[in-house]
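Scroll down for the structure; my scribbles are underneath it.
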Amino acid sequence: MNSSHIVPIVIIVAAVAFSAWRRRRRRGTDTPRRPVRSSARLHGVTWLVAESEFRQRVRGRAFRLATLFVLLAVAAAIAVPSLTKGSAKAQRVGVVGTLSAAERSGVTALARSVGTGVRLVPEADTAAASAALKKGSIDLAVVDGTSVLVHKTLANDDTSTTAQLARAVARTLGTARAINAAGLSQAQVADLAAAQPVPISAVQVSTKSAINKPAVTAGAILVFILLTQYLSWTLTGVMQEKANRVVEVLLATVRPLQLLTGKLLGIAAVVFGQAALVVAVAFGVGKGVGSDLIHGAGPELLGSQFLWLVLGYALYSWLYAAVGSMVERQDQVQSLALPLVIPLVFGYIIALTSAGSGSPSTLLKVLAYLPPTAPFAMPVLAAFKAVSWWQYLISIAIMLAAIAGAARLAAGIYRRAILRTGRRVHFRELFHSSS
Amino acid sequence: MSFEVDGLVRRFGTLTALDHLTFTVPAGQIVGFLGPNGAGKTTTMRAVFGLTELDAGMVHWRGEPISARHRRRFGYMPEERGLYPSMPLAEQVVYFGRLHGMSLADAQQATEVWLERLELADRADDKIESLSHGNQQRAQLAAALVHDPELLVLDEPLSGLDPGGIDAIIDVLRERAHAGSGVLLSSHQLDLVEDMCESVVIIDHGRLVASGTVDDLETSGARRLVVDVQGDRNAGWARQLPGVTVSEVSAEGARLVLDEAVDSQDVLTAAMAAGRVTRFDLVRRRLSEVFREATQR
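Residue numbers (my numbering), protein chains in the order written: chain A, 10 to 444; chain B, -7 to 289.
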């Protein structure tokens, strides 16, 4: 699946969601037996609650600082690797004796091949070069074109730029000496220099896809952080409204579903806005520094993670709100929230490990279709290009159905639990006829 | 034009919180809603706003079964105050006004008026949690009044207030009643209810046990005398009299309750025989006495 499929998928998702909203608006109420009320009033109140919730969330200094921190972190994560790539500190190469023009060009070309530049520094003699190496004013030295001098012995696993350049220069100078000693003609030397490597064929197609591991991993981490933050807001927000009894005043004039939906919409607006800001900054910075993120699969990955962040919030927010309506204190939360935290963390861990392994596991493929874990698994699976566009749509459809089910369940729990104060509400109480 | 609860029944398991409760709150009156703890006052008020389901009975407003449309015209102040602690005062009152159907401009204007009236104008931008208890009560009242409600339902609106705060809220409630709103308020401060309310409703165990105007209730029932005999602070002379109960002894004298058959002249004679009588008054029942006798506590 490639980026040309993402746009129609997003359009289809938006169309389905809009259609569901319109159907619900025509139905009008949270219990089918009640008469339909003025939809303008129904939705006016819901939007009022959403607007108030949004304003309360974004005006807090902590929120603004946290958003700024996230944006800076994202910008740095994109800009720094791009800006430092290929601009590693130029190697200072001391030259004892003379190097021919061809040898100088060769050293410069070798430096470029290991991702660095080179500055040739004349040294009087080997002793001067040694002293300069010890002092750190040069990184390596070429002595009379016949040997390479470094500060410390190179270990076999030393992959530093200096080590790579030293080995390349030594190999090249050695080859050049051998060619000179062989007494080859100019044409033969030219043929040797132009020699191409023989082709490499594979017996079997690799299952490892070339994904941008850092981007996929960072995206999964960011989605997890943002999602847990938003869900925490939802749960504590509902809990606090119950604990400080403001919900009793609100429900005297607003219906439970209006209050709950408005609250979740308000937070969803923050989710959407903050995530869109992250994506915009990622694109902007990526374009500014010429990052790989805005090329190839980068936009598709960003779009996919954005979409699944919103879908993940849409699913879990209802359930977290239901938990919040059953408790009044933080210590009452854990046992109720644990069944919700487990699939969230599980999906996140599997997505991270799959991204790191470089190939999609069977478990990842299964989790990509399960609503509680799909927000993490599906973007990673899509990054591996291991899912077709229609499979992607199926996962979204399953997710939308799960969201509708969660909303219905949560609304019922909320309506029954939110006004039961003084202690934690147990599930068995919620549906008892005389409660 | 009035508010009526008619035959309300609410059970929680084996506990009957409301037992066919019926009473009326006329427009333009302040009605005291009294009862011991656990009598069902809060449950009744919550039932008015649909915050608890009823097993039977109806709530009527101007003859119609109450609906969400009617409730938007009511103001509610629950016993346990409900405000957003970290939301600024004025913004919160505006928000509640808008939830009741006001436009933004109207809600802002009304908020300004009510904050001024409740002496909170200089705290408009302060968060609720930074206000004192008394000011939070006023803020809660402002939220209940901002939309010009036709009925106010207030659960213990005066609890925890200093005399200044109490006077301010009573003034506001009298104004609202004078303007035509009905007010139903519960309180354990019976002396304040006595001063403020035209009528009271007393419930116990979810049932109506007494109702009527304060005047009627206080002038009904057994006759009461306040008699002060010099040198006999304990009213020992009265304790011997058949059909006479000493309900209270204070610096003002002994408060006596007479059975129907007792002749007050006989009481006067007995008092004079006991010493110099400096006071002998026929008095009304206090509301607290009405309450105790109605609830038999």
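By construction, the Cβ of each residue, glycine as well, lies at the ideal position given by its N, Cα and C atoms.
Query, Result
"Length of the line joining the Cα atoms of His139/B and Thr103/B", "9 Å"
"Supposed close pair Gly115/A, Thr181/A - CB separation, criterion 8 Å", "6 Å"
"Three or more C-beta pairs below 8 Å linking the stretch 410 to 423 of chain A and the stretch 226 to 241 of chain A", "no"
"C-beta neighbour in chain A for Gly74/B, strict 8 Å", "yes"
"Chain-ordered chain A contacts of Phe41/B [CB-CB under 7 Å]", "Ala261"
"Contacting residues, own chain, Cβ-Cβ under 6 Å from Leu143/B (five flanking each side not counted)", "Phe(-5), Phe66, Gly174"
"Own chain partners of Phe25/B with C-beta closer than 7 Å, once the 5 adjacent residues on each side are dropped", "Lys33, Leu176, Leu177, Ser178, Val193"
"Anticipated Cβ contact below 8 Å, Val336/A with Leu345/A, distance rounded", "7 Å"
"Contact check, Ala331/A vs Leu240/A, beta carbons under 8 Å", "no"
"Min CB distance Arg6/A to chain B below 8 Å", "Outside the displayed range of chain A (10 to 444) lies residue 6/A, so it cannot be described from this structure."
"Below-8 Å beta-carbon distance, Leu141/B vs any chain A residue", "First, the residue type needs correcting, since residue 141/B is Pro and not Leu in the sequence shown. By this cut-off, Pro141/B is not an interface position."
"Under 8 Å by beta carbon: chain A residues contacting Arg63/B", "Ala261, Thr262"
"Alpha-carbon spacing of Leu244/A relative to Thr287/B, whole angstroms", "44 Å"
"Alpha carbon of Val254/B to alpha carbon of His12/B, nearest angstrom", "37 Å"
"Chain B contact for Glu62/A (CB, 8 Å cutoff)", "no"
"Segment contact flag, the stretch 76 to 87 of chain A with the stretch 284 to 294 of chain A, C-beta cutoff 8 Å, min 3 pairs", "yes"
"Identified DSSP bridge partners for Leu311/A", "Answer is none; Leu311/A lacks a bridge partner."
"One or two residues paired with Arg215/B in a DSSP bridge", "Leu250/B"
"Residue-chain proximity (Leu428/A, chain B), Cβ-Cβ < 8 Å", "yes"
"DSSP state of Ile493/A mapped onto helix, strand, coil", "Chain A is shown from 10 up to 444; residue 493/A falls before or after that span and cannot be answered."
"Contact set for Ala179/A: own chain, Cβ-Cβ below 7 Å, skip 5 residues either direction", "Val157"
"The stretch 382 to 402 of chain A contacting the stretch 356 to 372 of chain A, beta-carbon criterion three pairs below 8 Å", "yes"
"Nearest to Val159/A (by Cα), restricted to the options Asp166/A, Thr171/A, Trp242/A", "Thr171/A"
"Extent of the continuous alpha helix (DSSP H) run through Ser370/A", "Careful: Ser370/A lies outside any alpha helix (DSSP H) and carries neither H nor E."
"Backbone secondary structure at Pro44/A - three-state DSSP", "A caution first: Pro44/A carries a pLDDT of 37, below 50, which makes its placement in the model unreliable, though a value can still be read off. Three-state DSSP puts Pro44/A in coil, outside helix and strand."
"Cβ-based contacts, 8 Å cut-off: residues of the stretch -4 to 27 of chain B near chain A", "Arg3, Phe4, Gly5"
"Within 8 Å, strictly: CB atoms of Leu310/A and Val225/A", "yes"
"Residues of the stretch 89 to 102 of chain B with Cβ closer than 7 Å to any Cβ of chain A, in chain order", "Arg90, Leu91, His92"
"Cβ separation of Lys222/A and Ala364/A, assumed to be a contact under 8 Å, to the nearest whole Å", "6 Å"
"Sequence-distant residues of its chain with Cβ nearer than 8 Å to Val86/B (five each side left out)", "Leu96, Ala99, Gln100, Thr103, Val138"
"Contacting positions in the stretch 239 to 272 of chain A - beta carbon closer than 9 Å to chain E", "No chain E is part of this structure, whose protein chains are labelled A and B."
"Outcome for Ile147/A when other beta-carbon atoms lying within 10 angstroms are tallied against a minimum of 16", "buried"
"Partners in chain B for Gln65/A, counting only beta-carbon separations shorter than 7 Å", "Met79"
"Beta carbon of Thr36/B nearer than 8 Å to that of Leu10/B", "yes"
"Bridge-paired residues (DSSP) for Ile194/B", "Leu26/B, Ala202/B"
"Within chain A, the residues that Pro70/B reaches when beta carbons sit closer than 7 Å", "Arg254, Glu257, Val258"
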